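In my numbering, the protein residues as written are 8 to 204.
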């Protein structure tokens, strides 16, 4: 995977990746930027860059992005989301560093585990002189189901169905490690064809 189809993002992503890779904690690029780099068809180009990590790692990563920071990371609770969030501007792009991310919708509670679960399964991107990982599509699917974004989850599910063997093990693991509303499980199953508990 390369940034050939998104040349305007090469500079900010390279700047962020070079800095973040100086720290030890794992981190991943997600959101629309991560989706487009994995070939998911979206209606518009990314307007910002979302970077995910575990909550305990946010301050180590924030120190690497300090020159671009808009203040310190803060606990952010908005609607169905809870996280520790840092905000930055790198080469004209807004960047959000999101740690300890939890999504609660109905009876579903999804705790995003970057280091232990998502990072080992993350597809990698070569970007100039460095490399970084992307949030796996299994995560992106359940995240967008929980936030009721059919424009996203239908496109993500289409990409997953093309190569289900790359995604089903992680998707099953995400489901088993979190709490789910029956309606959400049913939708995830119907979108992917995966038999869920």
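From the three backbone atoms N, C-alpha and C, an ideal C-beta is built for every residue, glycine too.
Keep in mind it's a predicted model, so treat the numbers as computed, not measured.
Nearest-angstrom Cα distance between residue 115 and residue 149? C-alpha separation (whole angstroms): 10 Å.
Please report how far the alpha carbon of residue 18 lies from the alpha carbon of residue 190, in whole angstroms. Residue 18 and residue 190 have their C-alpha atoms some 41 Å from each other.
Judging by CA-CA distance, which residue of 99, 109, 74 is the nearest neighbour of residue 91? Out of 99, 109, 74, 109 has the C-alpha closest to the C-alpha of residue 91.
Residue 32 and residue 60 closer than 8 Å at C-beta: Cβ atoms of residue 32 and residue 60: closer than 8 Å.
What residue range does the beta strand (DSSP E) around residue 172 cover? Where residue 172 is concerned, there is no enclosing beta strand (DSSP E), given that its DSSP letter is neither H nor E.
Where the beta strand (DSSP E) containing residue 93 begins and where it ends: Residues 88–97.
By DSSP's criteria, residue 82 is part of a beta bridge. Which residues make up the other side? Note: residue 82 sits in a beta bridge opposite 91.
Count Cβ pairs between the region 19–31 and the region 80–90 that sit closer than 8 Å; are there 3 or more? With the cut-off at 8 Å, the region 19–31 and the region 80–90 do not touch.
Check whether the Cβ atoms of residue 138 and residue 177 sit closer than 8 Å, and answer yes or no. Cβ atoms of residue 138 and residue 177: not closer than 8 Å.
So, for residue 83: in the same chain, excluding its five sequence neighbours on each side, which residues have a beta-carbon less than 8 Å away from its beta-carbon? These residues qualify, in order along the chain: 89, 90, 91, 92.
Buried versus exposed call for residue 197 [16 or more other C-beta atoms within 10 Å across all chains shown]: By the 10 Å Cβ count, residue 197 comes out exposed.
Relative to the C-alpha of residue 172, which candidate in 102, 199, 50 has its C-alpha closest? A check of alpha carbon separations from residue 172 across 102, 199, 50 identifies 199 as the nearest.
Counting along the chain, where does the beta strand (DSSP E) carrying residue 104 start and finish? Its beta strand (DSSP E) spans residues 100–112.
Nearest residue (CA-CA) to residue 55, options 73, 99, 14, 44: Taking only the C-alpha atoms, the option nearest residue 55 is 99.
How would you call residue 50, buried or exposed, if buried means at least 16 neighbouring beta carbons within 10 angstroms? That one is exposed.
Tell me whether the beta-carbon of residue 188 lies closer than 8 Å to the beta-carbon of residue 113. Yes, these two residues count as a Cβ contact at 8 Å.
Any idea if residue 14 is buried or exposed, counting beta-carbon neighbours within 10 angstroms, 16 or more meaning buried? Classification of residue 14: exposed, given that the 10 Å Cβ count is below 16.
Buried or exposed, going by whether 16 or more other CB atoms sit within 10 Å of the CB of residue 161? Burial call: exposed.
Apart from the five residues on each side of it in sequence, which residues of its chain come closer than 8 Å, Cβ to Cβ, to residue 201? The residues are 171, 175, 178, 179, 195.
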